[in-house]
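Q:
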Amino acid sequence: FDEINRIEGLFSRFNPCSEIGQINNLEPGQSLNVGIEVFECLETAAQIQRETNGAFDINIGSLLKYRWNTVRRSRKMSSETMQLPVDLSRSSRNFTVRVRKERDEYLADGVELDLGGIGKGYALDKIADILTDWSIDRALIHGGTSTALAIGAAPAGDSEKKGWPVGIARGWACPNAPKEFYLKDRALSGSGTEVKGKHVFDPRTGSPAKGHMAAWVSHPSAAIADALSTAFMVMNTEEVKNYCDHNPKVWAQVIIDAETCRIFNKEITST
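Here you go:
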């Protein structure tokens, strides 16, 4: 719990003294040396943003302000606009975040980084590292109702071979959904109107997402599972399939409508 509170203190965009709060107050061209946690989380966020072609974006606050301007609403977002608006660099001593000096039009009101779509998963990864350092080889860690991370397998019964049994909200059940779901050295994260509210926006358009009613993702990294579950909400089903085809460590279930769901890389965790 101390580690969660510590990381939350670094990531909170509502606290101007947090590292994310300080980054959001930087002017174009200014930089800030940050700790390894913020740097790693930003690196992972930038990776997922590239891989999903902007479907996951931690700077969505600035993008929405840009798109909500009636003059700009009809303009197509460029590939440059959908990139993380900061540059990351590391040396033997420092981890540096620099706001790009070239001011894109959509950054007129400043940078608004928000790690809410990845921070919880990252915190679970760090807690797992601590438990592993303490020689704890069996644990199930959760961050509320949307993300869980398993270390090893459950200690008794049939689950000891398969992993920790974890349930997906049955309100999202569909005919081909897995009846049993097991986690072993993996995370599971979910996004949906019941999990993260009714207003899920597509960063690529600034409009409400039209992709899926819900999305669940399993991956060895809780941070990546957390971010992808958000991205898969707004990506269409074919985009999700293509991503999973190229990333065999990713298990995904997307709810298309009340009667239809698709599961990708099913063999990983479900039986």
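Going from the sequence shown to the numbering used here is simple: count from 1 and add 26.
Glycine residues also receive a C-beta, built at the ideal position from the N, C-alpha and C atoms.
Remember, predicted model here, so these are calculated numbers, not experimental data.
Taking 8 Å as the cut-off, decide whether the C-beta atoms of Ala72 and Leu114 are in contact.
A: Result yes, Cβ atoms of Ala72 and Leu114 sit closer than 8 Å.
Q: Around the C-beta of Thr96, are 16 or more other C-beta atoms found within 10 angstroms, so that it is buried, or is it exposed?
A: Residue confidence is low: Thr96 scores 45 on pLDDT, short of 50, so the model does not pin down where it sits. Its coordinate-derived value is still stated next. With fewer than 16 other Cβ atoms within 10 Å, it is exposed.
Q: Roughly how many angstroms separate the alpha carbons of Arg164 and Leu175, rounded to a whole number?
A: Computed Cα separation, rounded: 11 Å.
Q: Is the beta carbon of Arg124 less than 8 Å from the beta carbon of Ser44?
A: No, the pair does not count as a contact, with Cβ atoms beyond the cut-off.
Q: Assign His245 to buried or exposed, taking buried as 16 or more other Cβ atoms, counted over all protein chains shown, within 10 Å of its Cβ.
A: His245 comes out buried.
Q: Buried or exposed: Arg230, going by 16 or more other Cβ atoms within 10 Å of its Cβ?
A: With 16 or more other Cβ atoms within 10 Å, it is buried.
Q: With distances taken from CA atoms, which of Met261, Ala249, Glu265, Trp242 is nearest Ser255?
A: Selected option, being the one with the closest Cα: Trp242.
Q: Grab the span of the alpha helix (DSSP H) containing Arg124 for me, first residue to last.
A: No alpha helix (DSSP H) contains Arg124, which is instead part of the beta strand (DSSP E) from 121-125.
Q: Give me the Cβ distance between Ala257 and Phe82, rounded to the nearest whole Å; I'm assuming they're in contact under 8 Å.
A: Contact holds; Cβ gap of about 4 Å.
Q: Pop quiz: Leu139 and Asn50 are said to be a contact at Cβ under 8 Å. What is the actual Cβ separation, rounded to whole angstroms?
A: Right, their Cβ atoms sit about 6 Å apart.
Q: Compute the Euclidean distance between the alpha carbons of Ser172 and Pro274, then round it to the nearest angstrom.
A: Between Ser172 and Pro274, the C-alpha separation is close to 22 Å.
Q: Which residue from Glu285, Asp283, Cys270, Val280 puts its Cα closest to that of Asn291?
A: Cα-wise, what sits closest to Asn291 is Cys270.
Q: Would you give the residue range spanned by the beta strand (DSSP E) that Phe290 belongs to?
A: Note, Phe290: beta strand (DSSP E), 286-290.
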